[in-house]
Each structure stands twice: as structure tokens, then as C-alpha cells.
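Counting from 1 along the sequence shown, just add 37 to a position and that's the residue number in our numbering.
From the three backbone atoms N, C-alpha and C, an ideal C-beta is built for every residue, glycine too.
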Amino acid sequence: MTTPLSAAPLFARLALIGVGLIGSSIARAARAQKLVGSIVATARSAKTRRRVMELGLADQVVDTNAAAVEGADLVIVCIPVGQCGAAAQEIGEHLAPGAIVSDVGSVKVQVVRDMAPHLPANVHFIPAHPVAGTEYSGPDAGFAELFVGRWCIITPPDSADAIAVERLSAFWSGLGAKVATMSADHHDLVLAITSHVPHLIAYTIVGTADDLSAVTRSEVLQYSAGGFRDFTRIAASDPTMWRDVFLANKTGVLEMLGRFNRDLAKLAHAIEAADGDTLFELFTRTRAIRRGIVAIGQDSAAPDFGRPRPSLAPAPLPRPYALEE
Ligand code: NAP
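Given below as C-alpha cells:
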């Protein structure tokens with residue numbers, strides 16, 4: 038993964054538009070791996086731009102998206118997908134000829150549709166999506182190792198320049214990612230079932246539990262270890278980002294949600310009919326999927342996602358057995 042010390046950086050000047058979890062992780066990793074000569078960054082608010090400066094994430098922090106892309110040979114747009122069209126409009130006229138323009142959006146078809154019309158013909162627009170993240174956001178949340186061993190899906194248009202695609206792939210490999218290429222349509226369908234619908238389910242289940250009047254809020258929090266806790270991590274993800282994802286991937290999400298609803302109804306029917314075989318057969322199949330994910334290194338085999346075990350501190354003895362002091 039390391040670049041030889043003598044090797045020239047892959048790109049002379051990287052412009053990052055948006056420096057939250059993903060943008061700041063790219064900045065940290067690109068620096069650590071010496072993939073770029075310099076980094077110029079911007080964000081929407083003065084507060085975030087100031088924080089980016091304090092953290093020393095970029096060589097230069099500028100106030101506007103247009104100023105950020107001047108002279109950059111790689112531009113990566115790292116903002117919520119609903120903002121990408123407006124950002125493309127702002128940078129279009131300021132891009133250097135031959136620059137590669139990419140993004141990290143969790144949805145691809147709409148981002149391409151929104152950005153492409155504003156980009157000049159003399160730049161290479163190659164969308165991408167690193168399938169890596171956490172439930173935290175902002176420039177403090179990023180870390181250089183975020184992409185290590187994770188997939189980055191690149192969705193080049195049919196007309197894309199092969200060398201530009203190769204350079205962008207090399208950049209993501211340099212950040213530690215495994216690179217895959219597919220069409221934007223296919224990406225949105227795959228991600229609908231692997232990421233978007235699971236998030237929707239987590240948002241629903243946590244919301245439903247919160248709405249239950251027969252169960253108090255303190256009970257929900259207290260007994261959350263029984264599966265619910267893992268949903269709450271996902272449901273803590275950034276509201277702006279996820280609102281935009283569902284609005285942008287309407288087709289993919291609704292298609293996968295339809296299948297999910299049908300399967301859920303079948304399970305409800307099996308429970309009603311006391312059909313244990315159906316439940317057992319499904320749960321056996323799903324357990325094998327989990328083991329497959331661990332086997333290909335996409336998650337840890339440690340029990341309970343590797344959460345540290347609390348130490349067994351001596352508990353106070355119940356009153357009748359307590360030793361007299
Ligand atoms: P984030 O932590 O909330 O950061 C978003 C950044 O974008 C902030 O710096 C924000 O600035 C800036 N921004 C927003 N609108 C802007 C605009 N119009 N012009 C310039 N800057 C703007 O978000 P994130 O988690 O890094 O997500 C960014 C993108 O990555 C999203 O498209 C998301 O779909 C994708 N993605 C996220 C994950 C994940 O797990 N989080 C994983 C893969 C891909 P302010 O702070 O000033 O508002």
C-alpha cells in the first residue's frame with residue numbers, strides 16, 4: 038500500500054469539496070500515503086473551514102467551491118448527494134482542462150444526472166463510492182485507515198477515458214481500498230439492499246420502539262443489548278446524508294423494499310402458523326451469509342462485533358451475606 042519514497046505523487050493538487058467524515062479521511066490518508074502534492078479544501082460553513090485549518094487537514098483552505106478547484110488535477114466532491122448538482126454548477130467553469138472530477142456519493146444515477154450537465158467536455162467525470170463509513174460526521178470524525186480493506190466502487194460512464202479511470206483507481210488503491218467497477222444503475226440496486234434498506238429498517242425499528250407507549254423509554258435504553266443496540270448505531274447516522282440517499286435512490290430502494298415487505302409478510306405468516314421449519318431454514322441460511330462476510334474479511338469474527346468485554350468487578354454481596362466490617 039505504501040508508495041516508494043522517490044515516486045512522484047499520483048496527483049499534483051487534490052481539491053476536496055466538503056471535509057466531513059469522508060473528505061477528511063481522504064485528506065488524512067492521501068497525505069499519509071503521499072498520493073498528492075498538495076491539498077486544497079473547502080466546506081459550506083466558516084466553522085467547518087476553520088476546523089479543517091485547525092486540524093491541519095489541507096495545505097490551503099478556501100471559501101468557495103469555485104476557488105478550491107482552480108489548478109487542481111483531481112477534484113473530489115464529498116458532500117451530501119442532494120448538493121452535488123449545485124456544487125458542479127459552481128465549479129464547472131473553474132476546472133482545469135484534463136482534471137479528473139469525482140465524488141463519493143452513496144447514490145450514483147442521480148449524482149451523475151445532476152453533475153454531468155455542468156461539467157465541461159475537457160474534464161474526466163468519473164463517479165465513485167467508497168463503501169466505508171461510520172455513524173459519525175464532520176472533519177473530526179475521519180481517520181486515515183477508514184478505507185483500508187473496504188471496497189471503492191467506481192462507476193465510469195461508457196465514454197470514460199481509460200487512463201483517467203486507471204489513475205482514479207490507483208488513487209483509491211493507494212488509500213487502501215479494493216476497487217470494483219460497475220454501472221451506476223447496478224451500483225444503486227446493489228447498495229439499495231446492502232446499505233440503504235438496512236438503514237431504513239434501523240430507522241424504523243428505533244422509531245417504532247421510541248413510539249411504544251407500553252414500553253417506557255428507559256426500558257428501551259436499559260435492555261437495548263438484545264439486538265436493538267446494533268440497530269441504534271445505524272440509526273444514529275447523519276440525517277441530512279440519509280434523507281438525501283433515500284430521495285436520490287427512490288427506484289432502487291422501493292424495489293428492494295417491496296421484496297423485503299413480501300419476505301417479512303411470509304415470516305409473519307410462518308410465525309402465525311407455528312411453521313418452525315420455515316423459520317429454522319431461513320435462520321440457517323442467514324447465519325451462513327454472516328459467516329461468508331467474515332470469511333472474506335469484511336467483518337471481524339470476534340463475538341459481538343469485537344466489543345470489549347467489561348471486567349468482572351466484585352459485585353456487592355446481598356445484605357444477609359455481606360461480611361461485617
Ligand atoms: P459529513 O461528515 O456530514 O460532511 C459533509 C461535508 O460537506 C461537510 O464538510 C459540509 O460542510 C460539506 N458541504 C455540505 N454541502 C456543501 C456544499 N454545498 N458545498 C461545499 N461543502 C458542502 O458527510 P460525509 O459522511 O463525509 O458524507 C459525504 C458524502 O459521502 C455523502 O454524499 C455520502 O453519501 C457519502 N458517503 C458517506 C458515507 C458515510 O458512512 N458517512 C460512506 C460512503 C459515502 P459543513 O460542515 O460546513 O456543512
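With respect to the alpha helix (DSSP H) encompassing residue i, which residues constitute its N-terminal and C-terminal limits?
i, result
"Cys115", "Careful: Cys115 lies outside any alpha helix (DSSP H) and carries neither H nor E."
"Gly60", "58-69"
"His236", "234-248"
"Lys303", "287-309"
"Val331", "313-332"
"Gly344", "According to the sequence shown, residue 344 is Arg rather than Gly. Counting along the chain, Arg344 falls outside any alpha helix (DSSP H), and DSSP gives it neither H nor E."
"Thr253", "Counting along the chain, Thr253 falls outside any alpha helix (DSSP H), and DSSP gives it neither H nor E."
"Glu127", "121-128"
"Phe265", "265-272"
Would you report the Cα separation of residue i and residue j, rounded to the nearest angstrom?
i, j, result
"Gly303", "Ile230", "Note that residue 303 is Lys in the sequence shown, not Gly. One C-alpha to the other measures close to 18 angstroms."
"Phe297", "Asn102", "40 angstroms"
"Glu362", "Asp341", "With a pLDDT of 47 at Glu362, under the threshold of 50, the modelled position of that residue is not reliable, and the figure given next carries that caveat. Distance between the alpha carbons of Glu362 and Asp341: 40 angstroms."
"Pro157", "Ala124", "14 angstroms"
"Asn159", "Pro134", "5 angstroms"
"Phe265", "Val243", "8 angstroms"
"Ala332", "Thr321", "17 angstroms"
"Leu291", "Gln126", "29 angstroms"
"His223", "Gly289", "9 angstroms"
"Gly313", "Arg344", "32 angstroms"
"Ser62", "Leu226", "26 angstroms"
"Gly211", "Ala52", "17 angstroms"
"Ala69", "Leu94", "11 angstroms"
"Pro193", "Ala339", "37 angstroms"
"Lys287", "Asp281", "10 angstroms"
"Asp248", "Glu107", "50 angstroms"
"Gln335", "Val185", "11 angstroms"
"Ser139", "Ile113", "5 angstroms"
"Thr253", "Val234", "27 angstroms"
"Ala83", "Ser75", "21 angstroms"
"Ala239", "Thr269", "7 angstroms"
"Thr241", "Ala104", "41 angstroms"
"Ser255", "Ala272", "18 angstroms"
"Leu56", "Ser196", "Looking at the sequence shown, residue 56 is not Leu but Val. Val56 and Ser196: Cα-Cα distance of roughly 29 angstroms."
"Val98", "Phe48", "18 angstroms"
"Ser337", "Arg187", "13 angstroms"
"Ile191", "Arg328", "27 angstroms"
"Asp267", "Leu92", "31 angstroms"
"Gly364", "Ala310", "With the chain covering only 38 through 362, there is no way to say anything about residue 364."
"Ala201", "Met90", "30 angstroms"
Residue i: buried (16+ other C-beta within 10 angstroms of its C-beta) or exposed?
i, result
"Leu316", "exposed"
"Gly60", "buried"
"Ile308", "exposed"
"Thr85", "buried"
"Ala136", "buried"
"Arg50", "buried"
"Met38", "Residue confidence is low: Met38 scores 49 on pLDDT, short of 50, so the model does not pin down where it sits. Its coordinate-derived value is still stated next. Looking at its Cβ environment, which holds fewer than 16 other Cβ atoms inside 10 Å, Met38 is exposed."
"His306", "exposed"
"Ile128", "buried"
"Pro176", "buried"
"Gly263", "exposed"
"Asp300", "exposed"
"Ile54", "buried"
"Thr323", "exposed"
"Ser250", "exposed"
"Gly295", "exposed"
"Thr79", "buried"
"Asp100", "exposed"
"Leu58", "buried"
"Ala285", "buried"
"Asp110", "buried"
"Asp198", "exposed"
What residue range does the beta strand (DSSP E) around residue i cover?
i, result
"Ala52", "48-54"
"Val370", "In this structure the chain extends from 38 to 362, so residue 370 is not present and cannot be described."
"Ala165", "165-167"
Can you check whether the C-beta of residue i is within less than 8 angstroms of a C-beta belonging to chain B?
i, result
"Leu226", "Considering every chain present, this structure includes no chain B. It has just one protein chain."
Completely contained beta strand (DSSP E) runs for the region 186-236, where each covers 3 or more residues: With a minimum length of 3 residues, the continuous beta strand (DSSP E) runs that stay inside the region 186-236 are 188-191, 215-218.
Return the chain-ordered ranges of every alpha helix (DSSP H) run that is complete within the region 63-109 and spans a minimum of 4 residues. Correct list: 83-92, 102-106.
Determine, using beta-carbon pairs with one atom in the region 174-188 and one in the region 65-72, whether at least three such pairs fall under 8 angstroms. A contact exists between the region 174-188 and the region 65-72.
Could you tell me whether the region 203-221 touches the region 159-178, using the rule of 3 or more Cβ pairs below 8 angstroms? Here the region 203-221 lies against the region 159-178, with 3 or more beta-carbon pairs under 8 angstroms apart.
State whether the region 137-147 contacts the region 107-123, with contact taken as three or more CB pairs (one from each stretch) at a distance under 8 angstroms. Yes, the region 137-147 touches the region 107-123.
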